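What follows is a set of notes on a single structure, which appears directly below.
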Amino acid sequence: YLDRKALHGLKDLVVLRLDNNLLTDLYKDSFEDLHSLQTLNLRNNQISVIFNNTFYFLRKLNILDLGGNKIAHLMPLAFEGLHSLKNLYLDRNRLGDIDGQLIGRLHRH
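Mind the numbering: the sequence shown is residues 1263 to 1371 in my numbering, read in order.
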């Protein structure tokens, strides 16, 4: 897992690559200090669910790569706060159905 305080204080970080690890859980407060982050790569981990508001503090995030995980469920507010998101990668996961409201919320931003 990613310790809740592991990234504390990295306010100027623009790119974060955590791909090809064994991360299973993500917490909202893990990313709360990353106000400048534009690219987050979480590809090829063991993440199975994206909880509400996980990325809420990442207002400048343009690219979110969640491909190659075990994601089977996206909570309704999973991508809340991602106002600058341009590219979202969810390939090679275990998603069955994706709630239309979830995608609609992304589109409105």
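Note that CB positions come from ideal geometry on N, CA and C, so glycine has one too. Remember, predicted model here, so these are calculated numbers, not experimental data.
Legend entry - Local conformation of residue 1281 per DSSP, three classes: In the three-state scheme derived from DSSP, where H, G and I count as helix and E and B as strand, residue 1281 is classed as coil.
Legend entry - Minimum C-alpha distance to residue 1316 - residue among 1325, 1291, 1327 and 1296: Answer by Cα proximity: 1291.
Inset, instruction - Please report how far the alpha carbon of residue 1350 lies from the alpha carbon of residue 1327, in whole angstroms. - result: Their Cα atoms are separated by approximately 6 Å.
Legend entry - residue 1299 versus 1276, 1357, 1311 and 1285, residue with shortest Cα-Cα distance: The shortest C-alpha to C-alpha distance from residue 1299 to any of 1276, 1357, 1311 and 1285 is the one to 1276.
Legend entry - Identified DSSP bridge partners for residue 1303: Note: residue 1303 sits in a beta bridge opposite 1279 and 1327.
Legend entry - DSSP state of residue 1350 mapped onto helix, strand, coil: Three-state DSSP puts residue 1350 in a strand.
Inset, instruction - Could you pull out every residue in the same chain whose Cβ sits closer than 8 Å to the Cβ of residue 1331, ignoring the five residues on either side in sequence? - result: Its chain contains 1304, 1305, 1306, 1307, 1308, 1309, 1310, 1354 and 1355 as the residues whose beta carbon lies nearer than 8 Å to that of residue 1331, once the 5 sequence neighbours on both sides are disregarded; these appear in chain order.
Legend entry - residue 1337 to residue 1364 span [Cα, whole Å]: Taking the straight line from one Cα to the other gives about 8 Å.
Legend entry - Which residues DSSP lists as bridging residue 1309, in chain order: DSSP output for residue 1309 lists no bridge partner at all.
Inset, instruction - Thinking residue 1323 and residue 1302 are a contact (beta carbons under 8 Å), I'd like their distance in whole angstroms, please. - result: 6 Å between Cβ atoms; contact.
Inset, instruction - Within 10 angstroms of the Cβ of residue 1296, are there 16 or more other Cβ atoms? Answer buried if so, exposed if not. - result: Label assigned to residue 1296: buried.
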